[in-house]
Amino acid sequence: MRIGMRTIKTALTAGIAMAIAAALHLDYWSLAGIVSMLMIATTTRATVRLALFQTVATVVGLVLAWGLFTWIPYAPLAFAVWLLLYIALSNLVDLQDTMIGSAVFVLPLLVVKPITVAILLNQLSVLVIAALTGLFFNLFMPNLTDQISFHVEGVEKELITVLRLQGTLLISGETSVEAQHTLWGHLSSLKQAINEGTAWTARHQANQLFDDNEYYAAYFEIRNNQYELLRQMQLLLDTRLAEMPQHQQMGRLLVDLTKRDRKNNPIPPVLAAIERLQDDLAAMSLPETRKQFAQQAAATSYLIFLRQMLRLKDAFDKIVASQNK
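Below, the structure written as structure tokens:
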């Protein structure tokens with residue numbers, strides 16, 4: 135049986151919260167252990183929100199119980215009415231998740247006669263201890279940058295592979311189904327790496343209370359936009375590859391791009407080469423048939439998609455990356 139980090143944190147939180155409450159000689163100190171376990175959320179930010187919402191909701195619940203339990207002497211009826219009103223109020227402000235925690239603090243009041251300010255302050259003190267203990271232990275979240283970096287490497291690898299394979303197909307003019315399946319397989323792997331990296335990034339950001347660095351979020355967003363452009367480029371190759379004018383020149387351009395040193399920004403010279411190819415296409419004689427028109431349109435569209443894809447990364451490198459060094 136494997137015991138995870140969250141299980142260990144839950145056990146420590148409950149034990150320490152009860153120990154602190156008992157050391158302060160608070161009544162119903164065991165409630166601190168119960169409520170502190172409810173405070174362990176999946177992320178640090180979620181824990182902070184939960185602690186704040188639970189505190190506010192419990193204050194409202196205690197005030198409501200003070201009035202109802204004083205006016206209604208029959209305890210089961212008093213609690214039933216409290217529960218109905220509390221659920222109605224919590225639904226109005228979307229705090230349904232706080233019901234169990236509030237009920238834990240309210241139930242002891244059923245047997246306390248009379249309900250005094252002192253006992254209400256006691257319950258609030260136990261709540262604060264439980265919330266702070268849960269928050270403290272949930273600050274110790276695993277660093278997810280290793281997982282994010284792993285998916286960044288996966289995205290880079292698949293992206294280069296797709297560009298290289300598209301370049302190879304353009305040079306050779308191969309239109310086999312096997313070649314298409316291979317490329318779509320790598321596109322699928324690229325999309326999967328982007329999605330998983332995005333998910334890990336969102337989880338990492340949720341664990342950072344004061345860090346607004348969104349480098350990785352911007353990175354995976356730009357890669358997802360590039361994936362969509364690559365997908366459109368591949369659709370063109372599936373239908374018009376062999377007929378596209380200057381397909382060999384475009385292929386050599388792509389292969390050259392994948393071989394360039396990425397530490398020295400290779401995009402500006404490639405963009406210049408794309409513009410020259412576009413000028414060459416524009417200088418071609420006007421198409422005389424519908425087929426020729428479709429061929430030139432496919433080549434033009436492919437270069438437009440490629441240029442957009444490279445400009446996205448160039449803008450990212452110049453703006454986003456420079457701001458997050």
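The sequence shown begins at 135 in this note's numbering and counts up by one. Glycine residues also receive a C-beta, built at the ideal position from the N, C-alpha and C atoms.
Reduced DSSP secondary structure (H/G/I, E/B, other) of residue i
i	result
Asp228	coil
Lys460	This structure gives no information on residue 460, because the portion of the chain shown stretches from 135 to 459.
Met378	coil
Ser419	coil
Arg386	helix
Thr147	helix
Trp163	coil
Met135	Any reading at Met135 needs caution, since the residue's pLDDT is 45, under 50, leaving its predicted position unreliable; the model's value is listed next. Met135: coil per DSSP, three-state reduction.
Tyr208	coil
Leu158	coil
Glu348	coil
Ser310	coil
Leu273	coil
Pro402	helix
Arg365	helix
Arg394	coil
Glu330	helix
Alpha carbon of residue i to alpha carbon of residue j, nearest angstrom
i	j	result
Thr434	Gln412	7 Å
Ile174	Val215	29 Å
Arg365	Asn272	41 Å
Ala180	Ile408	48 Å
Leu144	Leu266	Rather than Leu, the amino acid found at residue 144 in this sequence is Thr. If I take the Cα positions, the gap works out to 13 Å.
Glu312	Lys447	30 Å
Ile305	Gly385	5 Å
Gly235	Gln281	34 Å
Gly331	Ala351	9 Å
Glu290	Gly307	25 Å
Arg428	Leu184	It should be noted that the sequence gives Ala, not Arg, for residue 428. Rounded to whole angstroms, Ala428 to Leu184 spans 58 Å at the Cα level.
Phe450	Asn329	19 Å
Ser259	Val190	13 Å
Leu192	Ala333	One point to set straight first is that residue 192 is Thr, not Leu, in the sequence displayed. Computed Cα separation, rounded: 33 Å.
Ile453	Gly319	32 Å
Val296	Thr423	32 Å
His338	Leu278	6 Å
Leu321	Gln360	11 Å
Ala166	Tyr349	39 Å
Boundaries of the alpha helix (DSSP H) in which residue i is found, first to last residue
i	result
Tyr436	Arg424 to Ala449
Arg298	Thr279 to Ser306
Val173	The amino acid at residue 173 is misidentified as Val; the sequence shows Met. Taken as a continuous stretch (DSSP letters only), Met173 belongs to no alpha helix (DSSP H), as it is neither H nor E.
Ile234	Met233 to Val240
Residue burial classification, residue i (beta-carbon count within 10 angstroms, cutoff 16)
i	result
Leu202	buried
Asn225	exposed
Leu371	buried
Ala151	buried
Leu158	exposed
Met135	Here Met135 scores only 45 on pLDDT, less than 50, and its place in the model is too uncertain to base an answer on.
Ser170	buried
Met418	exposed
Ala156	exposed
His381	buried
Val227	exposed
Leu387	buried
His315	exposed
Glu537	Residue 537 is absent from the model: the chain starts at 135 and stops at 459.
Gln230	exposed
Thr232	buried
Trp464	Only positions 135 to 459 of the chain appear in this structure, which leaves residue 464 out of reach.
heavy atom of the ligand HEM below 7 Å from residue i C-beta
i	result
Leu363	Of the ligands one can find in the structure shown there are none, so the ligand HEM has no counterpart to examine.
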